[in-house]
Amino acid sequence: DTAVSQTPKYLVTQMGNDKSIKCEQNLGHDTMYWYKQDSKKFLKIMFSYNNKELIINETVPNRFSPKSPDKAHLNLHINSLELGDSAVYFCASSLGTSGYNEQFFGPGTRLTVL
Amino acid sequence: KNQVEQSPQSLIILEGKNCTLQCNYTVSPFSNLRWYKQDTGRGPVSLTIMTFSENTKSNGRYTATLDADTKQSSLHITASQLSDSASYICVVSVETGANNLFFGTGTRLTVIP
Chain C
64 DTAVSQTPKY
74 LVTQMGNDKS
84 IKCEQNLGHD
94 TMYWYKQDSK
104 KFLKIMFSYN
114 NKELIINETV
124 PNRFSPKSPD
134 KAHLNLHINS
144 LELGDSAVYF
154 CASSLGTSGY
164 NEQFFGPGTR
174 LTVL
Chain W
24 KNQVEQSPQS
34 LIILEGKNCT
44 LQCNYTVSPF
54 SNLRWYKQDT
64 GRGPVSLTIM
74 TFSENTKSNG
84 RYTATLDADT
94 KQSSLHITAS
104 QLSDSASYIC
114 VVSVETGANN
124 LFFGTGTRLT
134 VIP
């Protein structure tokens, strides 16, 4: 299946731990994104990479560090997890950076910090 | 300030009824407006995209309208089905800049039998 996939789907961890979320797309896209969706369902962009280069880096704590080993992968590493990090994290991809291009979203990773 | 506001925040309708969701924006310079549907536990999926020159576009039972003068868009759902229960998100794009997408807060639609 051609799609955007994320692992894990659920992540429950203690405050202070470090965790990673992986994202892969096989759509041949060159641009990938990380979004955070809070409890009110508002989607907020965190990072965007185009051809492995960081192009969007919103006001996100530096505990969050994205890494794009190649165009098909964009992973998100989070250090020293805090309660407020609990949310659903979505990975997405598109062909090009134009706002005209449709973004294809992954199924999301629900992160719960205890 | 670039903003996208959606109303209502939530809506409950009976199966078979029609409904209309609203999206107002102050985004400039406008490029396009896209409606996404997000089922519970899933990522958003694009329903339709509206460009400056388009007033109406249909995708099955979904019809989107755009009034670029008043900066308003609506998504009309005809003969609702239980599977229409989801969040609907309006996303407006600008022509320039790396961060060129502005997301609405969504409307949560529940269709009941």
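Those protein sequences? They're chains C and W, same order as listed. Throughout the first sequence, residue numbering follows my numbering, covering 64 to 177 in sequence. Throughout the second sequence, residue numbering follows my numbering, covering 24 to 136 in sequence. Just so you know, even glycine gets a beta-carbon here, dropped at the ideal spot from N, CA and C.
Mind listing the chain W neighbours of residue i? Cutoff is C-beta to C-beta under 7 Å, in chain order.
i               : result
P170 of chain C : R65, G66
Y163 of chain C : S54, N55, S116
F153 of chain C : G66
Are residue i and residue j close, meaning C-beta to C-beta below 8 Å?
i               : j               : result
V117 of chain W : R57 of chain W  : no
L117 of chain C : S83 of chain C  : no
C46 of chain W  : G120 of chain W : no
N82 of chain W  : G162 of chain C : no
P170 of chain C : G129 of chain W : no
R84 of chain W  : I72 of chain W  : no
Y111 of chain W : K80 of chain W  : no
K99 of chain C  : A150 of chain C : yes
Spell out the partners DSSP gives residue i in its beta bridges.
i               : result
Q88 of chain C  : C:V67
A121 of chain W : Partner(s): none; A121 of chain W has no beta bridge.
Q45 of chain W  : W:S30, W:S97
K99 of chain C  : C:K107, C:Y152
If you reduce the DSSP assignment to three classes, tell me which class residue i lands in.
i               : result
L139 of chain C : strand
D206 of chain C : Since the first residue shown for chain C is 64 and the last is 177, residue 206 of chain C is missing from the structure and cannot be characterised.
L177 of chain C : coil
D81 of chain C  : coil
L146 of chain C : helix
R126 of chain C : coil
P132 of chain C : strand
T128 of chain W : coil
Y163 of chain C : coil
E116 of chain C : strand
L158 of chain C : coil
Show which residues of chain C have a CB atom less than 9 Å away from the CB atom of residue i.
i               : result
A87 of chain W  : None at all; the shortest Cβ gap to chain C is about 14 Å.
A121 of chain W : S111, N113, I118, I119, T160
Whose Cβ in chain C lies nearer than 8 Å to the Cβ of residue i?
i               : result
I100 of chain W : Within chain C, no residue comes near I100 of chain W; the closest Cβ sits about 18 Å away, beyond 8 Å.
Chain W partners of residue i, CB-CB under 9 Å?
i               : result
L158 of chain C : Going along chain W, no residue has its Cβ under 9 Å from L158 of chain C, so there is no contact; the nearest lies around 13 Å.
K104 of chain C : Q61, S110, I112, T128, G129, R131
I108 of chain C : N122, L124, F126
Since residue i meets chain W, which of its residues come closer than 8 Å, beta carbon to beta carbon?
i               : result
I141 of chain C : Under the 8 Å cutoff, chain W gives no residues; its nearest Cβ is about 19 Å from I141 of chain C.
Residues of chain C with CB closer than 7 Å to the CB of residue i, please, in chain order.
i              : result
S69 of chain W : E165
In chain order, each beta strand (DSSP E) run of at least 3 residues that lies wholly inside the segment 51-107 of chain W:
53-61, 68-74, 79-82, 85-90, 95-100
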